[in-house]
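Asker:
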Amino acid sequence: MTGLDNQERGHFHDLLDKAISGQLDRRQVMARGAALGLSAASVFTLGAAAAPGTTSVSRVARQDATPVAGGILRVGLQGDPAQLDPHTTNLTAAIHVTEHIYEGLVVENPDLTIGPWLAAELPTVSEDGLTYTFTLREGVMFHPPVSRPMTSADVVYSFGRMVDPAIAGNAVSLLEPIASVEAPDDRTVVMTLSSPNAAFLATLAGRQIAIVPQEFVEENGGDLNLAACGTGPFVFEEYVPATRLTVTKNAEYWDTGKPYLDGIEFTPISDDTQRTNAIVTDTVDFIEYAPLADIERLRGESSLMIAGEINTNIRFIGINLRREPLSDVRVRRAIAMALNRAEILEPATFGNGTATEVIFPEGNWAHVPVEETPQDIEGAIALLAEAGFPDGLELEILSWSAYSFLSQPSYVVQSQLEAIGITSEVVLEENATYIERYLTTNDFDITVTGTSGFVDPHEVYADNFLSTSPSNAAGYNNPMVDQLIADGNATTDQAARAEIYTQLQQILLEDLPWINLFIANQYEAMKSTVGGYTHYPTGSLFSLRETFIAPE
Amino acid sequence: MLRYIAGRIVLMIPILIGVSIVAFGLIRFVPGDPVTAIIGPGTRFNEEQLANLRERYGLNDSVVVQYFKWMGLVLQGDLGTSLRTRLPLTEELGARLPVTLELTIWATIIGTIPAVALGILAALKRNSWFDVSATIGTLIGTSVPNFLLAVFLVLLFAVELRWLPPLGYERWRDGVWAHCQTMILPALCLGLPLAATVMRFTRSSVLETIGQDYVRTARAKGMSQRSVIMRHVLPNASIPIITVVGIQVAGLLGGTVIIEQIFSMPGVGRYVYESISNRDYPVVQSVTLVIAAIFVLVSLVVDILYAIVDPRLRTG
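Note that the protein sequences, when read in sequence, are chains A and B. Following the numbering used here, the numbering of the first sequence begins with 36 at its first residue and continues without gaps. Following the numbering used here, the numbering of the second sequence begins with 12 at its first residue and continues without gaps.
1. Using CA coordinates, which residue listed in Asn499(A), Ala155(A), Ile244(A) and Leu209(A) is at the minimum distance from Ala233(A)?
2. Compare the C-beta of Arg95(B) against all C-beta atoms of chain A and say whether one is closer than 9 Å.
3. Per DSSP, Ala154(A) is paired with what?
4. By DSSP, does Asn556(A) sit in helix, in strand, or in coil?
5. Have a look at Asn346(A) and Pro396(A) and give me their C-alpha separation to the nearest angstrom.
6. Taking the Cβ atom as the reference point for each residue, do Pro326(A) and Arg310(A) lie within a distance shorter than 9 Å?
7. Per DSSP, what kind of secondary structure is Arg350(A) in: helix, strand or coil?
8. With a Cβ-Cβ cutoff of 9 Å, do Thr223(A) and Thr266(A) count as a contact?
9. Whole-angstrom Cβ separation of Glu250(A) and Val181(A), contact assumed at under 8 Å?
10. What's the C-alpha gap between Gly278(B) and Asp115(A)?
11. Straight-line CA distance for Ser154(B) to Gly18(B)?
12. At which residues does the alpha helix (DSSP H) containing Trp81(B) begin and terminate?
13. Is DSSP giving Val216(A) helix, strand or coil here?
14. Alpha carbon to alpha carbon, what distance is there between Glu336(A) and Gly72(A)?
15. In whole angstroms, what separates the C-alpha of Arg14(B) from that of Leu300(B)?
16. Apart from the five residues on each side of it in sequence, which residues of its chain come closer than 8 Å, Cβ to Cβ, to Val565(A)?
17. Go ahead and pull the three-state DSSP assignment for Arg97(B).
18. Which ranges does the alpha helix (DSSP H) cover as unbroken runs of at least 4 residues, wholly within the region 282-327 of chain B, from first to last along the chain?
19. By Cβ distance, which residues of its chain are closer than 7 Å to Gln449(A), with the 5 residues on each side in sequence left out?
20. How big is the Cα-Cα spacing for Asp498(A) and Leu164(B)?
21. Would you mind sorting Trp81(B) into buried or exposed? The rule is 16 or more other CB atoms within 10 Å of its CB.
22. Whole-angstrom Cβ separation of Leu27(B) and Ala304(B), contact assumed at under 8 Å?
23. Can you pull out the residues from the region 157-171 of chain A whose beta carbon lies closer than 7 Å to at least one beta carbon of chain B?
24. Would Pro109(B) count as contacting chain A if we go by Cβ distances under 9 Å?
25. To which residues does DSSP link Asn551(A) through a beta bridge?
26. Determine the direct distance from the alpha carbon of Ala106(B) to that of Val312(B), and round the result to whole angstroms.
27. Count the C-beta pairs between the region 211-222 of chain A and the region 113-132 of chain A that are closer than 8 Å, then say yes if the count reaches three, no if not.
28. Would you mind stating whether Ala422(A) and Val366(A) have Cβ atoms separated by less than 9 Å?
29. Using the Cβ count rule (16 or more neighbours within 10 Å means buried), how would you classify Ser338(A)?
30. Over the uninterrupted alpha helix (DSSP H) stretch that includes Ala129(A), give me the two end residues.
31. Using three-state DSSP, classify Pro184(A) as helix, strand or coil.
32. Nearest-angstrom Cα distance between Pro548(A) and Leu205(B)?
33. Hey, how far is the Cα of Gln63(A) from the Cα of Asn556(A)?
34. Roughly how far, in whole angstroms, is the beta-carbon of Ile520(A) from the beta-carbon of Leu543(A), given that I think they are within contact range, below 8 Å?
35. Does the region 524-532 of chain A come close enough to the region 233-242 of chain A that 3 or more CB-CB pairs lie under 8 Å?
36. What is the rounded straight-line gap between the Cα of Pro184(A) and the Cα of Ala154(A)?
The structure is reproduced here in structure tokens:
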């Protein structure tokens, strides 16, 4: 910091404060630092301060305080956790509750690497990549009334239940690669795959892959929607539909000393503004999905802290390649050239997002740095003319009525396309109709939509671009891409995979079956007395097990 | 009187059958498949798995068979099972209906008793400052939609003054005061617009009655103002008021959809709202039927009130 005069030093400390308290993100801090004429070295210092730990862009709230045991944390959820069966639920709100009750063999870390959980360590994998051998952690007990140690038989039973057609589980397709699950002894589980699968551990880290005790399932007639019994840090206490769900501390938890909280009380608050009001008025201590429109206001409250930043959500324009003239890559490229992403993301994120042309953001190991394509109206018009549309064309932009963070950008896209002669109508459909039109009947031209919550890049590539995937709504079919997706999953060497995914991303940028738009940040807001919480880029609240309430 | 009521109840049956057919048919006309809506876009199912699910939910039967299966259940007092939560509806409604009904009752109390009193006062003191401010108040009350009112009331009473919680619900058994606290704001949001309408109608109805010949006669006989109002004006002015209250109270059930959503109340309105977006057929059709039954019952009560107030209707 030599060479700074007093005024510069003042700016520096001011910005540093803002960076550390999370009032400004890394980009903002660095941009302001540069604008104030600070030296490159000090700007860089500021950037680093704003993004502790670098690769993972999660921000840690009050890690410094010493953990204190006790207290009930009141959490505001964005939905009603109405389906508690971890093997069948598709509700994010329910998963954000069940992840504290049930556990799986492995878990994703905040930096999206995979670590062991109920498995004592990461599994040993055979040479051919087909056999995974897990050794289970000792001293893991199921909650009452089961109250007995968890064994490999429970793992075998749970994996059987997840794919049982009778329960219509949510992991059926995810678990297709598994040929068999066996328990040679009480603490060993051997899984055999039908082909090598680099994303397999990431799949197992999913919250659906939860270990449940057989006798409890049977006592409840196979229905785990209103009863719960797992191995997690919290024990299910009571669910009052659409009102509250309470869990209490598991005194027998295997990770001795945790959790710190005596319990958690979850309240469903689906109205965004009301979630903000609830934390501001001290009705709850913590809210998930802090509304992006209210981030400024929440940052202004001295009694609150905010955790989180970039998320694993991806917002993009989906294009139906089955339809003329979108099947022509020149038309798709013209659309991409017409866009100004900074304008598109503003009404969706209120300054809390990042424009990106590639699928995986900076910091992710599968990120591919590319040069930004500037908005080029003239070029786009020329390209459209070359494709046979000198007088422009008409399109429909499909989007979701339920999500303003997708519908609002649709209107910006509409006006930007207008500039190159594409007249479009924005049609907003509510969820069930949207899903049918987009995924089932593929009845759309272009659509502003999103996907989220991935851990491994394979999930995103295979889901959306594999010619045989049912979720490949674009109807994209490129044998080379299919091959690269398969290759990327057949090796576990991350460097080799990153290379494959770089190639893959470059082909996608050429072919443009979808046009990537932006990534929205995701935040949790909490009272400043809440300590030990870490934001997960998957949106998970997994860290509540190490969260505590510190005395003022 | 009993025959009158019995006749009314018999008339309810064809109405409810009609409602059941419309509710059942309408949700099926809306595009969107319940099975894909329920499993969500994040989960991939192959055709066979989807077919299994449809079979389980009884969606492979013809629409007519589905209807009669449902009606068969309803007649046995079983409303079916939610496709999404897989919970029995009778239980679910048993927990949610009381919340919505209580909210409606509070809103009705807020919306009628003070409103009728103030309406009479405004009519009696016609053109006074009280009347003018009451008229302005009712104008605002009838034109502000209840979701906007909710925003204002929350900002004032929850965020600024911190007197009441901004949202949430506490059951009676979790504490009477806690329960009432969570009820006040939603009930006000529903009740105040009702109060405005009722007050306006009361005022004009009373004004109209005061101008009648029999009121002048009563006054000419030397009756006190109080007796004239209580014996001649109010009974005659009350019929249009009852009509308006009846229609408006039934309409409150519609208002609960938005209010329960905003205040996170575990009522029927929010439930049916969420179920429509999920194409949860059994919930939508059964809840519609139950709400229709309540609606019909409210109009029955209104009709009985007419008969009490106006003897001519009992025989007519």
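For every residue, glycine included, the Cβ atom is placed at its ideal position computed from N, Cα and C.
Answerer: Let's see:
1. Leu209(A)
2. yes
3. Leu171(A)
4. strand
5. 9 Å
6. yes
7. strand
8. no
9. 6 Å
10. 13 Å
11. 38 Å
12. Val74 to Leu86
13. strand
14. Here Gly72(A) scores only 46 on pLDDT, less than 50, and its place in the model is too uncertain to base an answer on.
15. 26 Å
16. Ala96, Arg97, Leu108, Asp320, Phe321, Met340, Thr582, Phe583, Ile584 and Ala585
17. coil
18. 292-320 and 322-326
19. Ile432, Ser459 and Val461
20. 46 Å
21. buried
22. 6 Å
23. none
24. no
25. Phe351(A)
26. 24 Å
27. no
28. yes
29. exposed
30. Thr127 to Thr133
31. strand
32. 53 Å
33. Below a pLDDT of 50, predicted positions are generally treated as unreliable, and Gln63(A), at 49, falls in that range; the measurement from the model is reported next regardless. One C-alpha to the other measures close to 14 Å.
34. Wrong, their Cβ atoms sit about 11 Å apart, outside the cutoff.
35. yes
36. 14 Å
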